[in-house]
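Shown next, in C-alpha cells, is the structure this report addresses.
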Ligand code: SAH
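So this is what it looks like as C-alpha cells:
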C-alpha cells in the first residue's frame, strides 16, 4: 500500500507539472509592468519545491532512514486521492481563469486585468487554496510525519508572507476596483475565510 500511495502522489505531481508547464512558457513572453519579487519570494518558492516534490522522493529513496514513519491505512489513501483530485481541479480552474495575468512571483503584467470571474468570483486566492489541498493530499498519502507534512508547512509559509503583499500590490494597481472586489469575496474559503 505504501508503494501504491507513493505512485498516486507521483501521478499528482506529474499532472501538476503538465498543467503548469504551458503557463510557464506563456508567462515568459508576457512583459512585466511592476515587479515586487524579493529574495524572500524566491526562497519560499524553493522551500515549496523542496517540501512538495523533493521530500517525498527523498523519503521513498530511504534518505530519512525510517525516521518519523507513521502507520498507513486505506482510508487515508482514499482521502488523499479525493483531496488530490479537488486540488488538481481547482488548480486548473484558477490557471484558466487567471490566463495571461498569472505570474509565479509577485508581478503586474502590461495590460494586466483584474480577474473577478470564475473561481475568482468566490475567493481571491484559489490557486493558493489549491496548493494547500496539495499539501493536505501529500500528508494523507505519504506515511511519514516529516515528508508528509513538509509540503503543507512550506505552502502555509509562502501564503503567510505573500497574501498581504500581493493584496497591497493589487490595491496599488487597481485601486477602488480591487477594494470593491475584496468586499464581495473571501480569501480562501467561499463565504467563510
Ligand atoms: N493569489 C492568486 C493568484 C496567484 S498567482 C491565487 O491564489 O489564485 C500570483 C499573481 O497573480 C500575482 O502576481 C498577481 O499579479 C496575479 N493576480 C492575483 N489575483 C489576481 C486577480 N484577481 N486578477 C488578476 N491577477 C491576479
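Residue numbers (the numbering used here): 6 to 198. Beta carbons are placed, not taken as given, at the ideal position from N, Cα and C, and that holds for glycine.
### Query
Would you say residue 69 and residue 155 are within 8 Å of each other, going by their C-beta atoms?
Against the chain shown, residue 69 aligns to sequence position 64. Against the chain shown, residue 155 aligns to sequence position 150. Cβ atoms of residue 69 and residue 155: not closer than 8 Å.
### Query
Going by alpha carbons, who is nearest to residue 58 out of 72, 93 and 17?
Here the question's residue 58 lines up with position 53 in the chain shown. Residue 17 is the option with its Cα nearest to residue 58.
### Query
How would you label residue 165, buried or exposed, when you count the other beta carbons within 10 angstroms and need 16 or more for buried?
One-based indexing of the chain shown puts residue 165 at position 160. Result: exposed.
### Query
How about residue 64 and residue 143: do their beta carbons lie closer than 8 Å?
Along the chain shown, read from residue 1 onward, the residue named residue 64 stands at position 59. Along the chain shown, read from residue 1 onward, the residue named residue 143 stands at position 138. No; because the gap between Cβ atoms is not below 8 Å, this pair is not in contact.
### Task
Can you tell me which of 138, 149 and 174 puts its alpha carbon nearest to the alpha carbon of residue 117?
Along the chain shown, one-based indexing puts residue 117 at 112. Comparing Cα positions, the closest option is 174.
### Task
List in chain order: all unbroken alpha helix (DSSP H) runs of 4+ residues lying wholly within the region 69-106.
79-103
#### Entry: Span separating the alpha-carbon of residue 127 from that of residue 67
By one-based count along the chain shown, residue 127 stands at place 122. By one-based count along the chain shown, residue 67 stands at place 62. Answer to the nearest angstrom: the Cα atoms are 42 Å apart.
### Task
Below 7 Å CB to CB, which residues in the same chain sit around residue 191 once its five sequence neighbours on both sides are set aside?
Against the chain shown, residue 191 aligns to sequence position 186. Only residues of its own chain outside the window of five on either side were considered, and among them 128, 197 and 198 have a CB closer than 7 Å to the CB of residue 191, listed in chain order.
### Task
Following the continuous alpha helix (DSSP H) through residue 178, name the residue where it begins and the one where it ends.
What you label residue 178 is simply residue 173 of the chain shown in a count that begins at 1. Looking at the DSSP string, the run of the alpha helix (DSSP H) that includes residue 178 is 150-179.
### Message
Check whether the region 179-187 and the region 130-139 are in contact - that is, three or more C-beta pairs closer than 8 Å.
### Response
no
### Message
Can you look up residue 113 in the DSSP assignment and give me helix, strand or coil?
### Response
In the chain shown, residue 113 corresponds to position 108, counting from 1. If DSSP states are grouped into helix, strand and coil, residue 113 belongs with the strands.
### Query
Would the beta-carbon of residue 115 be found less than 7 Å away from any heavy atom of the ligand SAH?
The residue given as residue 115 occupies position 110 in the chain shown. Residue 115: no, Cβ never under 7 Å from the ligand SAH.
### Query
Closest to residue 139 by CA distance: which of 12, 194, 88 and 39 is it?
Numbered from 1 along the chain shown, position 134 holds the residue referred to as residue 139. Looking at the Cα atoms, 88 is the closest of the given residues.
### Task
Give the C-beta separation of residue 52 and residue 162 to the nearest angstrom, bearing in mind that I take them to be a contact with Cβ-Cβ under 8 Å.
Working through the chain shown from its first residue, we reach residue 52 at position 47. Working through the chain shown from its first residue, we reach residue 162 at position 157. The pair is a contact, with the Cβ atoms about 6 Å apart (cut-off 8 Å).
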